[in-house]
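If you're matching them up, the sequences are chains W and Z in order.
Everything in the first sequence is counted per the numbering used here, starting at 1 for the first residue and increasing by one.
Everything in the second sequence is counted per the numbering used here, starting at 1001 for the first residue and increasing by one.
There are 2 protein chains.
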Amino acid sequence: MEPDLDALFNPRTVAVVGVSTTNPFHPANIIYNKNYYGYDCNVYAINPRGGELERRRVYESLSELPEKADMVVVAVKAHIVPEVARQCAGAGVRSMVVISGGFAEMGAEGQALQDELAGICDEASITLVGPNCFGVYAPPAVDTFFLPPERTVLPGKGHIAVASQSGAFMVDQIMTNFHEAGLGLSVAVSMGNKAQVDEEALLVHFAQREDTTLMCFYIEGIDQGVRRFINSAHEITPHKPIIVFSGGKSERGKHAAKSHTAALAADHELVEGALRQSGILEAETESEMTSFAKILAFYPNRPMKLCNIAVISSSGGHGVIASDMATEAGLNLPEFTPERQQEIRRLLEPNIQEIAAVSNPVDLTGSAADQDFERVLDYLLSKEDIEAAIVLTLPYTPMMTSFVGTRLGQVVKQYDKPVVAYVPNLAKYGMVLEGFELNGIPVVHSIEEAIQMLKALRLLGIACQE
Amino acid sequence: MEPDLDALFNPRTVAVVGVSTTNPFHPANIIYNKNYYGYDCNVYAINPRGGELERRRVYESLSELPEKADMVVVAVKAHIVPEVARQCAGAGVRSMVVISGGFAEMGAEGQALQDELAGICDEASITLVGPNCFGVYAPPAVDTFFLPPERTVLPGKGHIAVASQSGAFMVDQIMTNFHEAGLGLSVAVSMGNKAQVDEEALLVHFAQREDTTLMCFYIEGIDQGVRRFINSAHEITPHKPIIVFSGGKSERGKHAAKSHTAALAADHELVEGALRQSGILEAETESEMTSFAKILAFYPNRPMKLCNIAVISSSGGHGVIASDMATEAGLNLPEFTPERQQEIRRLLEPNIQEIAAVSNPVDLTGSAADQDFERVLDYLLSKEDIEAAIVLTLPYTPMMTSFVGTRLGQVVKQYDKPVVAYVPNLAKYGMVLEGFELNGIPVVHSIEEAIQMLKALRLLGIACQE
Chain W
1 MEPDLDALFN
11 PRTVAVVGVS
21 TTNPFHPANI
31 IYNKNYYGYD
41 CNVYAINPRG
51 GELERRRVYE
61 SLSELPEKAD
71 MVVVAVKAHI
81 VPEVARQCAG
91 AGVRSMVVIS
101 GGFAEMGAEG
111 QALQDELAGI
121 CDEASITLVG
131 PNCFGVYAPP
141 AVDTFFLPPE
151 RTVLPGKGHI
161 AVASQSGAFM
171 VDQIMTNFHE
181 AGLGLSVAVS
191 MGNKAQVDEE
201 ALLVHFAQRE
211 DTTLMCFYIE
221 GIDQGVRRFI
231 NSAHEITPHK
241 PIIVFSGGKS
251 ERGKHAAKSH
261 TAALAADHEL
271 VEGALRQSGI
281 LEAETESEMT
291 SFAKILAFYP
301 NRPMKLCNIA
311 VISSSGGHGV
321 IASDMATEAG
331 LNLPEFTPER
341 QQEIRRLLEP
351 NIQEIAAVSN
361 PVDLTGSAAD
371 QDFERVLDYL
381 LSKEDIEAAI
391 VLTLPYTPMM
401 TSFVGTRLGQ
411 VVKQYDKPVV
421 AYVPNLAKYG
431 MVLEGFELNG
441 IPVVHSIEEA
451 IQMLKALRLL
461 GIACQE
Chain Z
1001 MEPDLDALFN
1011 PRTVAVVGVS
1021 TTNPFHPANI
1031 IYNKNYYGYD
1041 CNVYAINPRG
1051 GELERRRVYE
1061 SLSELPEKAD
1071 MVVVAVKAHI
1081 VPEVARQCAG
1091 AGVRSMVVIS
1101 GGFAEMGAEG
1111 QALQDELAGI
1121 CDEASITLVG
1131 PNCFGVYAPP
1141 AVDTFFLPPE
1151 RTVLPGKGHI
1161 AVASQSGAFM
1171 VDQIMTNFHE
1181 AGLGLSVAVS
1191 MGNKAQVDEE
1201 ALLVHFAQRE
1211 DTTLMCFYIE
1221 GIDQGVRRFI
1231 NSAHEITPHK
1241 PIIVFSGGKS
1251 ERGKHAAKSH
1261 TAALAADHEL
1271 VEGALRQSGI
1281 LEAETESEMT
1291 SFAKILAFYP
1301 NRPMKLCNIA
1311 VISSSGGHGV
1321 IASDMATEAG
1331 LNLPEFTPER
1341 QQEIRRLLEP
1351 NIQEIAAVSN
1361 PVDLTGSAAD
1371 QDFERVLDYL
1381 LSKEDIEAAI
1391 VLTLPYTPMM
1401 TSFVGTRLGQ
1411 VVKQYDKPVV
1421 AYVPNLAKYG
1431 MVLEGFELNG
1441 IPVVHSIEEA
1451 IQMLKALRLL
1461 GIACQE
């Protein structure tokens, strides 16, 4: 069956099964509390023994609730879960999120239990997430991630939908890193063992969501779901970019993935080839995932063709390092003709006209001012052979002001070309950073990330050709 | 001649030649001001036209100063510099820092000017840094880095000496990143065109400094100085580790390096081989340089032999990714025997005994508490085949407390084995981070950096064997 994904992201009424009246750290209690205080759904606590939780009623079963539950979140021992699912089927529940572990990741017995659970849900047309997962983060309606909200980081509302085979990867590497990068989420799903809802089902749903312009997936190994995901992606990538980061590439990693989410091992080179053929952008490291997402959030549709970039810096060393890294990433720094070099020199203020290096990378030296950056960027973006630029901004130099980002932002708005700025990662450079990002130029905190961002647009260009 | 390096780091009296009475942003003015207000040396301003600077006297020449200058910092147009050097020779000056550009990096004419300058200094036994450099950062005596101090970051006093062919790389990639990583410097030198003082001279000096346990160098290309540096390093690396990050590896990077510091191109594979044979640790990226320095600051002498590590995490996904990255970095995660797995399981609290994955990587799950980490780390460090460990700490999980780092620190103190902790990079996890670092465990903010750190100890092990 095609699971009804809408049933996951807009439940009006949610029941949490397994709430403890003695342990406030129980996952079910955390889910109950965070939804009671922080989300729009009506949330009810369920435990077969009944009782009270902070003077609020704990219901003994679904049938006692004052209203029908749209979604049921389950955090009880694995062998009880099929029975809960049968009760859900009887009560007309539309979606279930099974947090509990102890299923396919534990071997054959667990697999049988998981098959039983999936069978009940399929039969009753219940949309099932999990088991062995964090579930669904869908603000403002509901959030089943069973971590204390004061300990986690919530990215703002945005246009990126994410799904992850690892809940902790989602919370740590996606939600925390995206928050730090200033990126917002539409919805997020931790899929766990994927007994029913998998990458492919989520991909098809995300592709149709109007609030979503970009999708990120963390996958481990390859299985039927991932295979179907890759096939379906082919139709979607021309309209909405898909970023994948994949764990379990090495022998030891495969081994770990198996005990983690029962993931099947695969030769990573095959996976890589299949991803590329479907136009999916594969991030090679954790930080690439964030860099790829950020550049696509700022410049949704700028595939590079020639992969020619210009680098403008106030430091020769930074230019050298950026050149090395660009080469590694398949990006070119085209050499400038003597005429072009002369024209660049003419644009500079007298104090640096003699000392600046005006080839590519351009080194404006530590005596450069805002207007030097502005004029050189304007000139280079106007050239047909330059598709994108990196500005390496060092706020240490005395003539550069915090206003530089705002000035360069006006230049970028005149051209249809992506520009990335490097600003060191220190609180005191906040004013410099803000000037760039408020004016449409994404900021990174390492030369490596700047290169990663333009690499994403190179990969997008390759994807467009396939 | 062998330059006298002491003359650079402890000048009692410093004269700055080229101070402007009209432009407060002139490099000479910045150097004059920062030393006047922030350092121990007596500093004097010099300009042939004389005058006043904020009601303080600007001297017309060296001979007018009320006392002999130990060090002269020069920031005037290139063609005037040799004349200033002759005056220094006449006045018995011991060291010169030439900030000015316009020498070898500008072609044959500049090269001739540079040779003239070096000749004068050699003749008069003046220790010369530069030209085309930031010079010397040697707190509390002197600081010639001509950047406004409020714009830059100063790492605390520490035991790492650094030298860089790029001033901006020094300020940005070393001083800022080291400060963020909590690392301190003994002294720092931006060498520029290296007309006299070069990597090799600094290496020999750093090796003898009692306040220095570790050295970091940024080099571009390869020349006589770098060759002699690599030869001399052979004798030093068994006693003090040397980290090198090298720019100008790619064709475009070499091209940029040439116009930056007149660096000669070299086949990077040859450089790589030579560095390795001398026992030098080569960092491949900017972030590796900081990771290498940090692990060696915490564990000065722990070369790995087997390169066997254990990974302990509360997240399966993090364990999978760490396994992939460890493999890439040449580190092994040895498989645990069924007996060892059983023993680990016995150490766990009842709530996770069934659900934890007790192979390597160990996944304690999101329900793990401080004592689970503590007991498993203690057990694994006690095993002969495990040389080091990575603890992936996710402060999101409800049972882990901010005290975990302090507890694990006590375990590490019992063994002679390096342990690295991952803590996400958020201000609100400061308490968690502090617990680790105050108790001897370095913290990183990405899985990648944790792997980089142990890779440094693998490289150190290889260096010990050569």
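Note that the Cβ used here is the ideal one computed from N, Cα and C, for glycine as well.
- Shown in chain order are the members of the stretch 1191 to 1224 of chain Z whose Cβ falls below 8 angstroms from a Cβ of chain W: TYR1218 and GLU1220.
- Secondary structure at ASP378 (chain W): helix, using DSSP grouped into helix, strand and coil.
- Contact between the stretch 292 to 310 of chain W and the stretch 1143 to 1153 of chain Z is not established, with fewer than three Cβ pairs separated by less than 8 angstroms.
- Within the DSSP bridge table, the entry for CYS216 (chain W) names W:VAL162 and W:ILE243 as partners.
- For THR237 (chain W), there is no enclosing alpha helix (DSSP H), as DSSP marks it with neither H nor E.
- Around HIS1318 (chain Z), the same chain offers LEU1392 and ILE1447 as residues with beta carbons nearer than 7 angstroms, after the five sequence neighbours per side are excluded.
- Bounds of the beta strand (DSSP E) holding THR127 (chain W) are 127 to 129.
- Following the DSSP letters along the chain, one finds LEU394 (chain W) in no alpha helix (DSSP H), marked with neither H nor E.
- Just so you know, the alpha carbons of ALA15 (chain W) and ASP70 (chain W) end up roughly 8 angstroms apart.
- The beta carbon of ALA1329 (chain Z) sits closer than 6 angstroms to those of ILE1451 and LYS1455, all from its chain and outside the five residues before and after it, given in chain order.
- Each residue's CA atom was taken as its position, placing SER1232 (chain Z) and LEU1459 (chain Z) some 19 angstroms apart.
- The beta-carbon of ILE1321 (chain Z) is placed less than 7 angstroms from the nearest beta-carbon of chain W.
- A distance below 8 angstroms between beta-carbons, with the five flanking residues on each side excluded, links GLY38 (chain W) to the following residues of its chain, in chain order: ASP143 and PRO149.
- DSSP, reduced to helix, strand and coil, places ARG56 (chain W) within a strand of the structure shown.
- Proximity of chain Z to LYS249 (chain W) at the Cβ level (cut-off 7 angstroms) is accounted for by ASP1324, in chain order.
- Its Cα nearest to that of THR1397 (chain Z), the residue W:VAL171 stands out among W:VAL171, W:ALA310 and W:GLU387.
- Listed by position along chain Z, the residues whose Cβ is nearer than 8 angstroms to that of ASP172 (chain W) are SER1315, HIS1318, LEU1394, TYR1396 and PRO1424.
- A direct Cα-to-Cα measurement between LEU438 (chain W) and GLU180 (chain W) gives close to 16 angstroms.
- In this structure, PRO1003 (chain Z) lies near ALA1201 (chain Z), with their beta-carbon atoms less than 7 angstroms apart.
- Bridge partners of VAL1187 (chain Z) according to DSSP: none are assigned.
- For the stretch 1138 to 1155 of chain Z, the set of residues with a beta-carbon nearer than 8 angstroms to any beta-carbon of chain W comprises PHE1146, LEU1147, PRO1148, ARG1151, THR1152 and VAL1153, in chain order.
- Of all alpha-carbon atoms in Z:ASN1425, Z:LEU1408, Z:GLU1105 and Z:TYR1422, the one lying nearest the alpha-carbon of GLY1440 (chain Z) is that of Z:LEU1408.
- For THR1013 (chain Z), the enclosing beta strand (DSSP E) has its first and last residue at 1013 to 1017.
- Sixteen is the threshold: when 16 or more other Cβ atoms of the shown chains lie within 10 Å of the Cβ of PRO1418 (chain Z), as they do, the residue is buried.
- Under the three-state reduction of DSSP output, LEU1008 (chain Z) falls in the helix class.
- Residue burial is scored here from C-beta neighbours: ASN1023 (chain Z) has fewer than 16 other C-beta atoms within 10 angstroms and is therefore classed as exposed.
- If you check the CB distance, GLU1220 (chain Z) and GLY1248 (chain Z) come in under 7 angstroms.
- A Cβ-Cβ separation of about 17 angstroms leaves ILE1309 (chain Z) out of contact with LEU1364 (chain Z) under the 8 angstroms criterion.
- The alpha carbon of GLN165 (chain W) has as its nearest neighbour, out of Z:MET1453, Z:TYR1415 and Z:GLY1316, the alpha carbon of Z:GLY1316.
- Around the beta carbon of LEU1128 (chain Z), a 10 Å sphere encloses 16 or more other beta carbons of the protein chains shown; the residue is thus reported as buried.
- SER359 (chain W) counts as buried, since at least 16 other C-beta atoms from the protein chains shown sit within 10 angstroms of its C-beta.
- Close to chain Z, meaning a Cβ-Cβ distance shorter than 7 angstroms, are the following residues of the stretch 25 to 51 of chain W: PHE25 and ILE30.
- Contact between THR237 (chain W) and GLY279 (chain W) holds, with the beta-carbon distance rounding to 3 angstroms and staying under 8 angstroms.
- Secondary structure at ALA1368 (chain Z): coil, using DSSP grouped into helix, strand and coil.
- Ranked by Cα distance from SER95 (chain W), the options W:SER125, W:GLU67 and W:ASN351 are led by W:SER125.
- Contact with chain Z is found for ILE355 (chain W), since one of that chain's Cβ atoms lies less than 7 angstroms from the residue's Cβ.
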